[in-house]
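What follows is one structure encoded as structure tokens, with my remarks underneath.
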Amino acid sequence: MLPILFHIGNFAVHTYGLVVLLAIVLGTQVGITLARYTMKQYEEHIVPLVYTSVIGAVIGARIWQVFFFEPNYYLAHPLEMIAFWNGGLSIQGGIVGGILTGFWYCKRKGLSFWKVADLLAPSIILGQGIGRIACLLNGDAFGSPTGKGYGLVYPPGTFAYDTYGSKPLWPAEVWEGQIDFVIFAILFALLRKKLPTGTMFVLYNILYALARFGLEFLRGDSPRYLFHWTAAQWTSAAIVFIGIAALLVLRMKDRNVASTLSQS
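For the sequence shown, the tail end lands on 264 under full-length UniProt numbering, and the numbers increase by one without skipping.
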């Protein structure tokens, strides 16, 4: 773990911010490449769309963290609510914020939101996977104690050490990053399939939500609520149910379109 990469005078360069920036740049480049070969008309919109969505994602991630993950802490320290540079960004809140600002951009530019969302789905999950490397290096999004003689032991100066000391913890953020890369590979393979518009993006949400729901049982940095579920698990469960319903709607819509074309 390496929360601070180096110093430039008194200015500390944080590994977390640098890796997240790398995730955004690489994810954007993947989106540009996919647009170039599959939806050329959207290529020029990828960069402004991504960076517009990033702003919304940061705001959404912070809101989710403050109000769903650590409400008691931030109610006691209200001035820290906006200090996102000190850590505390929820990926699920970031997805919500990114979707809303992405929808606004597409509406403003007259683009098909669902086509753009399908196009960028692999890029988003790739960025999330790289972003989990940032969490590991920063010592956050950590797991609970394994109760065994194995696990990740975080050094002093990290959030994990402040919480559990030198106890071995489950590598929750490492496994999540690896699963994100698997989801990226699945979505990338599906690019060759002719699927109803919106299916790729919905599948991305369902697959990530299922993975996140399971891994949350190993997390040690989140408060738990009804059924001993975390806020992320409640969010994931809602996304899975909404996603399945959306897939059914998209399937029915695609069949109706196909039936109309065959009759005409």
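Idealized CB from N, CA, C, for every residue including glycine. Treat the numbers as computed from the prediction; the structure is a model and nothing was measured.
Proximity of residue i and residue j at Cβ, strictly below 8 Å
{"i": "R251", "j": "D180", "result": "no"}
{"i": "A117", "j": "F201", "result": "yes"}
{"i": "G139", "j": "T158", "result": "yes"}
{"i": "W175", "j": "T146", "result": "no"}
{"i": "T199", "j": "L247", "result": "yes"}
{"i": "P168", "j": "K148", "result": "yes"}
{"i": "F142", "j": "G220", "result": "yes"}
{"i": "S144", "j": "L218", "result": "yes"}
{"i": "G56", "j": "T101", "result": "yes"}
{"i": "L136", "j": "E173", "result": "yes"}
{"i": "T15", "j": "L22", "result": "no"}
{"i": "S90", "j": "Q65", "result": "yes"}
{"i": "residue 301", "j": "I183", "result": "Not covered by the structure: residue 301. The range shown for the chain is 1 to 264."}
Closest by C-alpha distance to residue i, when choosing among the options
{"i": "T28", "options": "I91, A61, L126 and A160", "result": "L126"}
{"i": "I46", "options": "L21, M200, K109 and T15", "result": "K109"}
{"i": "I59", "options": "G98, V50 and L207", "result": "G98"}
{"i": "L18", "options": "P3, F113 and G149", "result": "P3"}
{"i": "R62", "options": "T52, Y51, I82 and L26", "result": "I82"}
{"i": "R192", "options": "L5, F6, L34 and H7", "result": "L34"}
{"i": "V153", "options": "L210, S166 and I183", "result": "S166"}
{"i": "F69", "options": "I8, Y208, G88 and A238", "result": "G88"}
{"i": "L207", "options": "A231, R224, I244 and Y225", "result": "I244"}
{"i": "F241", "options": "L210, H7, K253 and I186", "result": "L210"}
{"i": "F67", "options": "T197, L195, Q92 and I55", "result": "Q92"}
{"i": "A185", "options": "R212, L203 and W234", "result": "L203"}
{"i": "Y105", "options": "L5, P78, I8 and P48", "result": "P48"}
{"i": "A237", "options": "F213, K194, K115 and L26", "result": "F213"}
{"i": "I124", "options": "Y51, L136, Y150 and K194", "result": "Y51"}
{"i": "I130", "options": "V25, Y150, T230 and Y73", "result": "V25"}
{"i": "K115", "options": "E80, V249 and P196", "result": "P196"}
{"i": "E44", "options": "P71, A76 and L111", "result": "L111"}
{"i": "P223", "options": "F113, G9 and Y73", "result": "Y73"}
{"i": "A232", "options": "R36, G94, R255 and L75", "result": "G94"}
{"i": "T235", "options": "A134, V96, D254 and K253", "result": "V96"}
For residue i, the three-state DSSP class (helix, strand or coil)
{"i": "G143", "result": "strand"}
{"i": "H77", "result": "coil"}
{"i": "I99", "result": "helix"}
{"i": "R132", "result": "helix"}
{"i": "T38", "result": "helix"}
{"i": "T28", "result": "helix"}
{"i": "T158", "result": "coil"}
{"i": "V153", "result": "coil"}
{"i": "A83", "result": "coil"}
{"i": "L119", "result": "helix"}
{"i": "T199", "result": "helix"}
{"i": "L126", "result": "helix"}
{"i": "L226", "result": "helix"}
{"i": "L210", "result": "helix"}
{"i": "L169", "result": "strand"}
{"i": "E70", "result": "coil"}
Segment limits, beta strand (DSSP E) that includes residue i
{"i": "I4", "result": "I4 to I8"}
{"i": "F217", "result": "Per DSSP, F217 belongs to no beta strand (DSSP E) and is neither H nor E."}
{"i": "F11", "result": "F11 to H14"}
Boundaries (first-last residue) of the alpha helix (DSSP H) holding residue i
{"i": "A172", "result": "A172 to L190"}
{"i": "V50", "result": "I46 to W64"}
Chain D contact for residue i (CB, 8 Å cutoff)
{"i": "Y204", "result": "No chain D appears in the structure shown, which is made up of a single protein chain."}
Are at least three pairs of beta-carbons, each pair with one atom in the stretch 152 to 171 and one in the stretch 27 to 44, less than 8 Å apart?
-> Contact fails: fewer than three Cβ-Cβ distances are below 8 Å.
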